[in-house]
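In the numbering used here, the protein residues as written are -19 to 164.
Encoded as structure tokens, the structure appears first; notes follow it.
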């Protein structure tokens, strides 16, 4: 078994099952908390990866599924992890690897293949706030997180892998890095 993101994976295709487990680290037990088709990879996926970005904010679980591509949310019980209401798709056009959520419930998504950070408002409206296909600013973004101190609560930290699949503009490469973006 290996820890993959925040879900437990064993040999085989568990990533393709469309399941979110609730893990109790004190008792070393787990249960299936959530299951949905939007968690699964598409049937024709080159890589059978389902959801790979999960955040809990204000009694809702938010998720991103890169290869579908979809971002969604559902209300959950914070103790059981079970859904307490309907699943809602927020966005269907961003291939996000991971994301952060700010206090306005806006998601800041790491769109890795596009070399972009995309802002998605609660109603689903989205816009690119940093980077582009031809830019090295956030080439290969893998994750985003907001600062935790008074001085950096409006700073979005972006980890990148660098352009691994192909070079930017056919010639530019670099290693991974951390980029600090001030969000207004």
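No residue lacks a Cβ here, since even glycine has one placed at the ideal position from N, Cα and C.
All values derive from a computational prediction rather than experimental measurement.
Quick test of your reading: residue -2 and residue 19, contact by CB under 8 Å. State the CB separation rounded to the nearest angstrom. Within the chain shown, the letter at position 18 stands for residue -2. Within the chain shown, the letter at position 39 stands for residue 19. Yes, residue -2 and residue 19 are in contact; Cβ-Cβ is about 4 Å, under 8 Å.
Going straight from the alpha carbon of residue 15 to that of residue 159, what length do you get? Looking up residue 15 in the chain shown gives position 35. Looking up residue 159 in the chain shown gives position 179. Using only the alpha carbons, I get a separation of about 34 Å.
What is the rounded straight-line gap between the Cα of residue 7 and the Cα of residue 0? Numbered from 1 along the chain shown, position 27 holds the residue referred to as residue 7. Numbered from 1 along the chain shown, position 20 holds the residue referred to as residue 0. Going from the Cα of residue 7 to the Cα of residue 0 covers about 18 Å.
Is it true that the CB of residue 71 sits closer than 7 Å to the CB of residue 104? As a position in the chain shown, residue 104 is number 124, starting the count at 1. As a position in the chain shown, residue 71 is number 91, starting the count at 1. In this structure, residue 71 lies closer than 7 Å to residue 104 by Cβ.
Ignore the nearest five residues each way along the sequence and tell me which others in residue 86's own chain have a CB closer than 8 Å to its CB. The sequence position of residue 86 within the chain shown is 106, counting from 1. Correct list, in chain order: 99, 100, 101, 102.
How would you label residue -19, buried or exposed, when you count the other beta carbons within 10 angstroms and need 16 or more for buried? Within the chain shown, numbered from 1, the residue matching residue -19 stands at position 1. Only weak support exists for where residue -19 lies, its pLDDT of 34 falling under 50; the coordinates are left without a value.
Could you check which residue in 128, 116, 108, 133 has the C-alpha nearest to that of residue 151? The residue labelled residue 151 in the question sits at position 171 within the chain shown. Among 128, 116, 108, 133, the Cα nearest to that of residue 151 belongs to 116.
Cα-Cα separation, residue -16 to residue 30: The residue labelled residue -16 in the question sits at position 4 within the chain shown. The residue labelled residue 30 in the question sits at position 50 within the chain shown. Any answer about residue -16 is weak, because its pLDDT of 38 lies below 50 and its placement is not dependable; what the coordinates show is given next. Spanning the alpha carbons of residue -16 and residue 30 requires a straight line of approximately 11 Å.
Are the beta-carbon atoms belonging to residue 90 and residue 122 less than 7 Å from one another? Reading the chain shown from its first residue, position 110 is the one you call residue 90. Reading the chain shown from its first residue, position 142 is the one you call residue 122. In contact: residue 90 and residue 122 (Cβ atoms closer than 7 Å).
Could you pull the start and end residues of the beta strand (DSSP E) that residue 99 belongs to? For the purposes of this step, residue 99 is identified with residue 119 of the chain shown, where counting begins at 1. Segment 96 to 100, the beta strand (DSSP E) holding residue 99.
From the DSSP output, which residues share a beta bridge with residue 105? Walking along the chain shown from the start, residue 105 turns up at place 125. Residue 105 pairs with nothing; no bridge assigned.
What alpha helix (DSSP H) runs, 4 residues minimum, are completely inside the segment 64 to 94? none
Inter-residue Cα distance where the pair is residue 32 and residue 58: By one-based count along the chain shown, residue 32 stands at place 52. By one-based count along the chain shown, residue 58 stands at place 78. One C-alpha to the other measures close to 20 Å.
Closest by C-alpha distance to residue 17, when choosing among 49, 163, 35, 5: On the chain shown, position 37 is the one that residue 17 refers to. The candidate whose alpha carbon is nearest that of residue 17 is 49.
I'd like the span of the beta strand (DSSP E) that includes residue 12, first residue to last. Here residue 12 refers to the residue found at position 32 of the chain shown. 9 to 15 is the span of the beta strand (DSSP E), which, as asked, contains residue 12.
Entirely within the segment 127 to 151 and at least 3 residues each: give me those beta strand (DSSP E) ranges in chain order. Those beta strand (DSSP E) runs which fall completely within the segment 127 to 151 and span 3+ residues are 135 to 140.
Burial state of residue 51 (16 or more Cβ within 10 Å): Mapped onto the chain shown, residue 51 falls at position 71. Label assigned to residue 51: buried.
Close Cβ partners of residue 127 (< 6 Å) along its chain, the five nearest in sequence each way excluded: Residue mapping note: residue 127 aligns to position 147 of the chain shown, counting from 1. Same-chain partners within the cutoff: 133, 135.
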